[in-house]
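Residue numbers (the working numbering), protein chains in the order written: chain A, 455 to 719; chain B, 455 to 719.
Positions of the beta carbon are idealized from the N, C-alpha and C atoms, including for glycine.
For reference, the structure discussed in these notes is given below.
2 protein chains.
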Amino acid sequence: VYCFDEETRATKSAGGQWHGVVSPEWNIGDNPNGGYLLSLISSALSQEIAHPDPISITTHYLRPGLQDTEYQINIDVIRVGRTLSNVRATLIQAGKPRLEVMAVYGDLSQSVGVENEIPMIAPVIPAEPLCCDRTGDLQGIELPIMNRLSVRLNPEQSVSGESTEPVISGWIRFTDGREPDARSLLLFCDAFPPSPFGYLGNVGWVPTVELTVHVRQRPAVGWILGQFTTNHLAGGRMIESGALWDSTGSLVAQSRQLGLILDKP
Amino acid sequence: VYCFDEETRATKSAGGQWHGVVSPEWNIGDNPNGGYLLSLISSALSQEIAHPDPISITTHYLRPGLQDTEYQINIDVIRVGRTLSNVRATLIQAGKPRLEVMAVYGDLSQSVGVENEIPMIAPVIPAEPLCCDRTGDLQGIELPIMNRLSVRLNPEQSVSGESTEPVISGWIRFTDGREPDARSLLLFCDAFPPSPFGYLGNVGWVPTVELTVHVRQRPAVGWILGQFTTNHLAGGRMIESGALWDSTGSLVAQSRQLGLILDKP
């Protein structure tokens, strides 16, 4: 069993809720990574819903998650159609909601309509994974998650303010050989450094307020290529757009998030 | 009183729900426009929530709306913070949920964090509104909404399949002189023709499954410039990204939606 599956496994209780314990192995500093917390919900949803793939999933991050602490997930299936299911879910720890999710699940192996294609957006970064993994330390903040994920950032970009554009890109995969699937793309959309850092440097703390991921295709085996761009930053609010491609060059997911950039405490 | 405010006004009942009647004046054919239905919810939310501006709003379209029919909106305020409120809302007609919304409200006139700026993405279409309004008829489908909105599409693009890229752009405003505000940007993000039509022609019916809008700034008076691009289309599923700029050239909103392209009935 791979770490990601083991450490995101939610179990159903007799009352119909899902539960488990938040692992500290996916932390950034003392806080569980937001993509990891979302993966606890996607684990429960993939067991609860007949349609296999998350195709649109919006997460509101209400409060930080608590490491080494029990969680409960409540699922509310809103509508089950022939090709799509709509669902809401809430992750609760210590009596308080932490994540609110609204998702559309479907089956990416099936066509549901007109069979045209449109040229997909192409990545602008090297076609091969780069040589050096990101380390488990960022300016004194420990990154345990870097024992679980290999992230190889594009060396032509910067995470400390020397880039000419607010873009972060690179390759990502699980360290233990688990291959990517549709569910893991949700995690990969929230596992790169904030894209404003390339342009501005590490100017502050960047909490995600809301993240929406669209999964387009189940990925091929191998590395996933990610590229994240800050579209707008003003008044401490930023919008970041991201895209993931698989090892065959296919666009497999897109993301957009609203984040804040707060002064360091 | 302007048509948009009059025809989206929701009234609170003693039980705490909001209600009103869906106007047929914003129809596309026999169906109320999705952006108009969302505006019924934004009317209720703007009265219910202390924070004035929608800054992230995700809508799941579960079923078509019903024209000339009563609606009810249930609001569930999830969290009220100092700078942000998180809220859920459901629009119900004839006993069935039609739209599910999850939103973050804030105050766009206030800074909440680090005061850096990043160069915004620029539009690639003419800087002046174009000469001709879109008409109230599309290949035999009546468009009553075109009596409420002026939409001037870029004549260098096509809505019938001759474009080299799946992009639709143009200028938009209310016909009765109402100026744009943050709330009206939600409507404007869902009032242009589907962007695949430029590249593929009118290949089918394009229902929106999910739409997320991020509002960045309250717009200046005048026309709003919109640009919408299909990022991906396969298996009958499409992802479209959009952006709106105001008359001063400021980026005021971004959108992304998951749509289906279904065979014509």
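If I follow the unbroken alpha helix (DSSP H) through residue i, where does it start and stop?
i	result
residue 501 of chain A	488-502
residue 458 of chain A	457-461
Residue i lies in the beta strand (DSSP E); which residues open and close that run?
i	result
residue 637 of chain A	Not the beta strand (DSSP E): residue 637 of chain A falls in the alpha helix (DSSP H), residues 636-642.
residue 553 of chain B	550-560
residue 654 of chain A	Premise fails: residue 654 of chain A lies in the alpha helix (DSSP H), 650-654, not in any beta strand (DSSP E).
residue 694 of chain B	691-699
residue 542 of chain B	539-547
In the DSSP assignment, what residue or residues form a beta bridge with residue i?
i	result
residue 624 of chain B	B:607, B:680
residue 480 of chain A	Paired residues: none, contrary to the question.
residue 665 of chain A	A:513, A:711
residue 524 of chain B	B:475
residue 529 of chain A	A:543
residue 505 of chain B	Answer is none; residue 505 of chain B lacks a bridge partner.
residue 688 of chain B	B:691
residue 705 of chain A	A:699
residue 465 of chain A	A:473
residue 485 of chain A	A:482
residue 716 of chain B	B:659
residue 771 of chain B	The structure shown does not extend to residue 771 of chain B, since chain B is modelled only from 455 through 719, so no value can be given for it.
Are the C-beta atoms of residue i and some chain A residue less than 7 Å apart?
i	result
residue 514 of chain B	yes
residue 710 of chain B	yes
residue 529 of chain B	no
residue 520 of chain B	no
residue 575 of chain B	yes
residue 536 of chain B	no
residue 540 of chain B	yes
At the 7 Å Cβ level, is residue i part of the contact set with chain B, yes or no?
i	result
residue 720 of chain A	A query on residue 720 of chain A cannot be resolved here, the shown segment of chain A reaching from 455 to 719 and no further.
residue 715 of chain A	yes
residue 670 of chain A	yes
residue 532 of chain A	yes
residue 705 of chain A	yes
Shorter than 6 Å, the distance from the beta carbon of residue i to the closest heavy atom of the ligand MN, or not?
i	result
residue 479 of chain B	This structure simply doesn't include the ligand MN, nor any ligand for that matter.
Chain A contacts from the stretch 553-572 of chain B (Cβ-Cβ distance under 8 Å): Cβ contacts with chain A come from 554, 556, 558, 560, 562, 564, 565, 566, 567, 568, 569, 570, 571, 572.
Short-range partners of chain B found in the stretch 645-665 of chain A, where Cβ spacing is below 8 Å: Taking 8 Å as the Cβ-Cβ cut-off against chain B, the residues of the stretch 645-665 of chain A that qualify are 650, 653, 654, 657, 658, 663, 664.
Residues within the stretch 482-512 of chain B neighbouring chain A, beta-carbon criterion of under 7 Å: Listed in chain order, the positions of the stretch 482-512 of chain B with a beta carbon within less than 7 Å of a beta carbon of chain A are 509, 510, 512.
Contacting positions in the stretch 673-700 of chain A - beta carbon closer than 7 Å to chain B: Cβ contacts with chain B come from 684, 685, 686, 687, 688, 689, 690, 691, 693.
Where the stretch 619-634 of chain A meets chain B: residues whose CB sits under 9 Å from a CB there: Of all residues in the stretch 619-634 of chain A, 619, 620 have a Cβ within less than 9 Å of some Cβ in chain B.
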